[in-house]
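Protein chains in written order, with the numbering used here: chain H, 57 to 450; chain V, 222 to 561. Idealized CB from N, CA, C, for every residue including glycine. This structure is a prediction, so every number in the text was calculated from the model and none was measured. Here the structure comes first, spelled out in structure tokens, and everything after it is commentary.
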């Protein structure tokens, strides 16, 4: 059983990094409290020119892409039936659980009339033409699916007596038997809402720079979600194996990075093809903000493609790691650019996030890392650990 | 003069406007040609749609419409911090529409501002409020149907009890009209609803009701369109009988020489058409009225959604395939594990 090979890392929970992360979480919590007491304007620089700020662009649009590790791996392991990658599945899934759950938290902070949020679930308020409606429902459903997919991990850890008392063995058997339904849903839902995060921008029209505005936005967003998901897995596997002195998963990661290179090439071909077909390539060299952002972004996309295209470079852990970082930076920049920095509402509006606004975003990211560490230490998430390994990372 | 003091620096925006103009033509081409999906059918103007004709050459910048609007809609006086000392808190000095201001008069100024309604060395007024699009983006993006278009009058209204405050209407509106009240703990979306409540009592929208020159003129959109075309066809400088309040109403009008109009009737085709028409002496880009294609971006985005999610057939088929494959995957993994 593969499940037997998953074990908790153990080790101390309250370590120095945990305290440092905790401080940032508390600072974020303070500003979140202020937001609910005094309104959005008290903590953020959002305006009616830029009504969406870093909470949406970073915590939701980028955050869920980081959370796509679970999606990308499920596609590979279960749909394309590559069982060899199975050891990477649970850590990727856990990243997804927190990426999406905390994106949901960010949305609740961001909503201007959060007390009406349940209207999203009321059929008489449903607006089926709205892309955001679809994204909201899909993200809610997917977050639920992620927790269900992760439930076996909790169940494995529970003492048998406790399970017996609450009849949880039955639930465990049920989940095992029908997990394939949730896996199917867990691939469908991100396919829908990650592409829809691109469709949302179609309504922006001339407010969005033509370097980003294309009818191919949904497909580009989908591919970028997949590449970012795989990059997170590459990054996580390398970091965790080094920090906790686990055997390296190099034999798995090198072929995985080949898939990433393929997807990346596809992304760039569509992106640049659409620009050339539309005749907007000259805007990239206009020397203005949009043009320069586009060039930086494209360079960040080309670097990992260059690294991962060759088998010898792919085999190097260091270069793979570098490629994953470049790709995550490129994908994040692509998403932040298209939601914020390449948007021009006209009328002289400008936006730069305020410090409290950023502290909320940083607090949420720190909470994510904190919970991830807590979970891998106490739950059977990581695979094939050496018996007596003790944490060094935290 | 108050209006001039609450000016916006329009000359600084020349560059932006030019960029926006380039962007529109640039975006329009691929959307029409090389797209994976076609736009949804354009929406039609409701036959009894009501609207407004704003004639910039008639506007004297008195801002009676702004204060009447505030009174009619219970909105507070707005005082930008940098102007607070000037007005001593006595009166409203809104610079643009906002969470507290549904309608505002802005002024274009160039050079020595010698002559009204002239692009160079001149000045001109422009009114900002909701244009009540025929195919509104705000309605298309709203996830909870908080934005509604009246099927008869075509007025776009907002329901705060449904609204979740996601602000995608603010983000998506090509005219930047809906405004969220960021400074309020329990902020809501503010937008011109064409004094829906007054119209129900048989009254005119407050801005048209008080306008002394008929620069803001209420009426049926089809009538207003004909009136605008008449003004465009007549000779500049000729004496012309202008109506006040409501086109075809019983109020006395006034005679004045006809302004020298730009040939483009703004609002007729912009973004798939609107229920407001602008006649201006200065090119509309200079007045902060963005250049837009003759289709609504909402039709583009809905075209995509309707193709991908038609009858939910594609997602359901995909789900079926995925569940089948996942079942096979899980099963083969289990076999592998138990045999190894």
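Between the CA atoms of residue 187 of chain H and residue 452 of chain V - distance to the nearest angstrom: 41 angstroms
For residue 418 of chain V, the first and last residue of its enclosing alpha helix (DSSP H): 417-421 is the extent of the alpha helix (DSSP H) around residue 418 of chain V.
How is residue 65 of chain H classed by DSSP in three states: helix, strand or coil? Three-state result, residue 65 of chain H: coil.
Assign residue 252 of chain V to one of two classes, buried (16 or more other C-beta atoms within 10 Å of its C-beta) or exposed (fewer than that). Reliability fails at residue 252 of chain V, whose pLDDT of 43 lies under 50, so the model's placement of it is uncertain and the value that follows must be treated cautiously. Residue environment for residue 252 of chain V: buried (at least 16 other C-beta atoms within 10 angstroms of its C-beta).
Quickly, what does DSSP pair residue 413 of chain H with across the bridge? List them, please. Its beta-bridge partners do not exist; DSSP assigns none.
Alpha carbon to alpha carbon, what distance is there between residue 260 of chain H and residue 429 of chain H? 39 angstroms
Would a C-beta distance cut-off of 8 angstroms place residue 384 of chain V and residue 410 of chain V closer than the cut-off? yes
For residue 60 of chain H, count neighbouring Cβ atoms within 10 angstroms of its own Cβ and tell me buried if that reaches 16, exposed if not. In this predicted model, residue 60 of chain H has a pLDDT of only 43, less than 50, meaning its place in the structure is not dependable enough to derive any value.
Rounded to whole angstroms, what's the CA-CA distance from residue 441 of chain V to residue 375 of chain V? Just pull it up for me. 11 angstroms
Express the C-alpha separation of residue 467 of chain V and residue 502 of chain V in angstroms, rounding to a whole number. Spanning the alpha carbons of residue 502 of chain V and residue 467 of chain V requires a straight line of approximately 22 angstroms.
Could you tell me which chain V residues have their CB closer than 7 angstroms to the CB of residue 183 of chain H, listed as they occur along the chain? 363, 364, 365, 366
State the Cα-Cα distance for the pair residue 303 of chain H and residue 434 of chain H, rounded to the nearest angstrom. Going by the C-alpha atoms only, they are around 20 angstroms apart.
Same chain only: Cβ atoms within 7 angstroms of residue 89 of chain H, ignoring 5 sequence neighbours per side: none
Length of the line joining the Cα atoms of residue 43 of chain H and residue 512 of chain V: With chain H covering only 57 through 450, there is no way to say anything about residue 43 of chain H.
Put residue 503 of chain V into one of helix, strand or coil per three-state DSSP. coil
Going along chain V in order, which residues have a C-beta closer than 8 angstroms to the C-beta of residue 248 of chain H? 536
Spell out the partners DSSP gives residue 274 of chain V in its beta bridges. V:438, V:498
Please classify residue 399 of chain V as buried or exposed, where buried requires at least 16 neighbouring CB atoms within 10 angstroms. buried
Please determine, among V:329, V:318, V:269, the residue with the shortest C-alpha to C-alpha distance to residue 505 of chain V. V:329
Under 8 angstroms from the C-beta of residue 434 of chain V: neighbouring residues of chain H: Those do not exist, as residue 434 of chain V stays about 26 angstroms from chain H at its closest Cβ, beyond 8 angstroms.
Beta-carbon gap between residue 405 of chain V and residue 109 of chain H smaller than 8 angstroms: In this structure, the beta-carbon distance from residue 405 of chain V to residue 109 of chain H does not fall below 8 angstroms.
Could you give the distance in angstroms between the alpha-carbon of residue 97 of chain H and the alpha-carbon of residue 132 of chain H? 44 angstroms
Quick one: does residue 236 of chain H have its CB under 8 angstroms from some CB of chain V? yes
If you run the structure through DSSP and keep just helix, strand and coil, what is residue 410 of chain V? strand
Quick check: is the beta carbon of residue 239 of chain H nearer than 8 angstroms to any beta carbon in chain V? yes
Spatial neighbours of residue 403 of chain H in its chain, beta-carbon cut-off 7 angstroms, leaving aside the 5 residues before and after: 105
Tell whether a beta-carbon distance below 8 angstroms holds between residue 305 of chain H and residue 297 of chain H. yes
Please report the distance separating the alpha-carbon of residue 300 of chain V from that of residue 306 of chain V. 9 angstroms
Starting from the C-beta of residue 334 of chain V, find all residues in its chain whose C-beta is less than 6 angstroms away, skip the five residues before and the five after it, and write them out in chain order. 344
What is the DSSP secondary structure of residue 164 of chain H, reduced to helix, strand or coil? helix
Just tell me which of H:243, H:381, H:408 has its CA closest to the CA of residue 361 of chain H. H:381
Tell me which same chain residues have a C-beta within less than 8 angstroms of the C-beta of residue 222 of chain V, skipping the five on either side of it? Residue confidence for residue 222 of chain V is low, a pLDDT of 37 falling below 50, so the modelled location carries little weight and cannot support an answer.
At a Cβ threshold of 8 angstroms, is residue 142 of chain H touching chain V? yes
At least three beta-carbon pairs within less than 8 angstroms, the region 262-277 of chain H to the region 227-247 of chain H: no
Of all the residues that make up the region 505-529 of chain V, which are near chain H by a beta-carbon distance shorter than 9 angstroms? 509, 511, 512, 513, 514, 517, 518, 519, 521, 522, 523, 524, 525, 526, 527, 529
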